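Following my numbering, the residues of the sequence shown are numbered contiguously, the last one being 743. Input: a single structure, listed below in structure tokens.
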Amino acid sequence: MSSATTPGAGRQRNTETMSVTLLTVRGCESAAVKSGRYLVEGRLVVQSVDGKRIRALCRGDGNIYRLGHEPGIGWRCTCPCRTPNCSHLRALRSVVALEPPGPA
Ligand SMILES: [Zn+2]
């Protein structure tokens, strides 16, 4: 019968603008895109490379993550992703190589 009146809603709106906002997914989703940005913006700092022991810092979204590679442990990063494929490690792996390139 009567139209439902929602308190606080005021007059009924005919046009509901659904703005799809692409939220910045913290972490893993756009890792490939992010990793490139880290490099371009100079956010990745490789501190030391000693054989297979690699240490680096990466400035992410307001945080600085420590990342690197340890022999016997593998790639690791202190960011919340907890995956060896996070944007920081991707960036790091694209500038350092564990194995030296073979003879040309
Ligand atoms: Zn990370």
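Even for Gly, the Cβ is constructed at its ideal location relative to N, Cα and C. Treat the numbers as computed from the prediction; the structure is a model and nothing was measured.
Rounded distance between the beta-carbons of residue j and residue i, thought under 8 Å
i    : j    : result
L737 : H708 : 7 Å
S674 : R729 : 4 Å
V734 : L678 : 7 Å
A671 : C725 : Incorrect: roughly 11 Å between the Cβ atoms, too far for contact.
Option in the options with minimal Cα separation from residue i
i    : options                : result
L696 : G741, P742, P739, L731 : L731
P710 : D689, P739, P742, G701 : D689
I703 : R676, C716, N724       : C716
V747 : R705, G713, C718       : Since the first residue shown for the chain is 640 and the last is 743, residue 747 is missing from the structure and cannot be characterised.
I712 : G701, P719, R692       : R692
Contained alpha helix (DSSP H) runs [length at least 4] in the region 676-738, N- to C-terminal order: Taking only runs of at least 4 residues, the alpha helix (DSSP H) segments lying wholly in the region 676-738 are 726-732.
Any heavy atom of ligand 1 within less than 6 Å of residue CB: hits in chain order: A distance filter of 6 Å between CB atoms and the heavy atoms of ligand 1 selects the following residues in sequence order: Y704, L706, C716, C718, C720, C725, H727, L728.
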